Structure formats: C-alpha cells, structure tokens
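Everything in the sequence shown is counted per UniProt numbering, starting at 1 for the first residue and increasing by one. Notes to accompany the following structure.
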Amino acid sequence: KMATRGKGAEMAAVALAAGFVLGATVTRLVASRLTARPARGRRAHARGTAVAAPTRSVRGDDDGGGVSDDDDDDDDVDDSDGDGDAGDVGGARAPARGPHKMVLVVRTDLRMTKGKIAAQCCHGALGAYQLAAQTSPNALARWERSGCAKVALQVGSDAELIAVYRAARLHHLPHYLVVDAGRTQIEPGSKTVCAVGPAAVSAI
1 KMATRGKGAE
11 MAAVALAAGF
21 VLGATVTRLV
31 ASRLTARPAR
41 GRRAHARGTA
51 VAAPTRSVRG
61 DDDGGGVSDD
71 DDDDDDVDDS
81 DGDGDAGDVG
91 GARAPARGPH
101 KMVLVVRTDL
111 RMTKGKIAAQ
121 CCHGALGAYQ
131 LAAQTSPNAL
141 ARWERSGCAK
151 VALQVGSDAE
161 LIAVYRAARL
171 HHLPHYLVVD
181 AGRTQIEPGS
191 KTVCAVGPAA
201 VSAI
C-alpha cells in the first residue's frame, strides 16, 4: 500500500508541475492571440500582411542545438515510426462536444526520478498544446474554456506506450510522443511520455 501511495503522490506531483508550465504557456499564447486580433467590427485590409502570434519553440536552449531546457536533453517528436510525418496528429474527426482533457501517459519501467518525469510531462504537454493549436483549434479552445484538465497515467513498458500512441493516431486525436536523448538517466531514444489531447473526454 505504501508503494502505491508513493506512486500516486509522484504522479500527482508530475501532473501539478505540468499544469503550472502549461498554464503559463496557455496564458502567454492567449495573450498573444488577443493582441494579434484586429478590433471587432473592423475588416482587415486585403492587401495587408496577416498578423500572426509570435512563434515559440518547444525547446529553450541557448546553443540552438535543438535540445530541451532541462538537464536531461530530450528530443520531442510527434511520430514514433520515424517517417517524419509531423502533420499526422489528427483531431479533425474526433468528437468536439462535452468536456475536454489532456492525458499524459508516463512509462514507469524506466525508473525516472520525479524531476525527470515532471520534465518529460512538460515536454509532452507543451508539444501537444502547440500541435493542437495548429491542427485542432476548436478542441483546444474548448479545453481552455473548461479549465485545461490534465490526467497523468502510467504504463509499464515501451510496448504499452506505443499502443497508446497508435490508438491516438488511429482515432485522429492530437498526440505528442517524447523521446529522450539519453544523456543522463536513460538510454538514448527511449520513449518516455505520450501526451494525448486536448480532446473530448468521450474520445479519450
């Protein structure tokens, strides 16, 4: 029972950390959208340039090497089969009614520390958010309006994580798979977290 309680507390801490990071990102993106929109009742000039929200990178390193901001040097990808199909995140056919949530599925067999798990979940949540902003804006807006619910779940193997990833892909749900560079705690190329959503609770 103590081990189960410890894992529950660990997953709650991960969900809380991911919530803080995602909440800050959502606030910035919503603020940038509001400042980028023309005032109501005014038409944009047909010849003028479109105003877009500033581009933000998932990775925050200073050396431009494409490595994440934490000490674990992770690569974030949305596709596990290596075909480079960055647009295959779906969302168009998923139900859009009712409450929405995001699910963060974490591998426990890798024995990552709490900090490592939190960092991986943050990568997954931000990646899924940014992809959903491009591919599923209606679902993203519903999720934002309903409080940005996130659920942290665990799987015990790479095969189980890939099964979640494939199911999300099959059902055209927004998804984001985090792959670790393996410079600290785990082997290079280890898939650590799959974020699914935001999407309707009934779809996930």
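Glycine residues also receive a C-beta, built at the ideal position from the N, C-alpha and C atoms. Quick caveat, the model's predicted, so the values are computed rather than measured.
Alpha-carbon spacing of residue i relative to residue j, whole angstroms
{"i": "G87", "j": "R169", "result": "A caution first: G87 carries a pLDDT of 29, below 50, which makes its placement in the model unreliable, though a value can still be read off. So the two alpha carbons sit approximately 11 angstroms from each other."}
{"i": "W143", "j": "T108", "result": "27 angstroms"}
{"i": "Y165", "j": "K150", "result": "17 angstroms"}
{"i": "L177", "j": "K191", "result": "7 angstroms"}
{"i": "A132", "j": "C194", "result": "14 angstroms"}
{"i": "E160", "j": "R111", "result": "16 angstroms"}
{"i": "A163", "j": "H175", "result": "12 angstroms"}
{"i": "G124", "j": "G189", "result": "15 angstroms"}
{"i": "A99", "j": "S136", "result": "Here residue 99 is Pro; the residue named in the question, Ala, does not match the sequence. Approximately 15 angstroms, taken between the alpha carbons."}
{"i": "S157", "j": "A118", "result": "18 angstroms"}
{"i": "K116", "j": "A152", "result": "14 angstroms"}
{"i": "Q134", "j": "L126", "result": "13 angstroms"}
{"i": "Q130", "j": "A141", "result": "12 angstroms"}
{"i": "R145", "j": "A167", "result": "26 angstroms"}
Short Cβ contact (7 angstroms threshold) for residue i with residue j
{"i": "residue 206", "j": "K101", "result": "With the chain running from 1 to 204 in the structure shown, residue 206 is simply not present."}
{"i": "C122", "j": "L104", "result": "no"}
{"i": "Q185", "j": "V106", "result": "no"}
8 angstroms contact criterion, which residue i and residue j should meet: CB distance rounded
{"i": "L173", "j": "G197", "result": "6 angstroms"}
{"i": "K114", "j": "E10", "result": "6 angstroms"}
{"i": "A181", "j": "A139", "result": "Actually they are not in contact, since the Cβ atoms of A181 and A139 sit about 30 angstroms apart, beyond 8 angstroms."}
{"i": "A203", "j": "H171", "result": "7 angstroms"}
Endpoints, the alpha helix (DSSP H) within which residue i is located
{"i": "L170", "result": "D158 to L170"}
Beta strand (DSSP E) segment containing residue i, residue limits
{"i": "P198", "result": "K191 to A200"}
{"i": "L185", "result": "One point to set straight first is that residue 185 is Gln, not Leu, in the sequence displayed. Segment: none, Q185 is in no beta strand (DSSP E) and carries neither H nor E."}
{"i": "A152", "result": "K150 to V155"}
What ranges does the beta strand (DSSP E) occupy inside the stretch 90-142, keeping only unbroken runs of at least 3 residues that lie completely in it? 100-107
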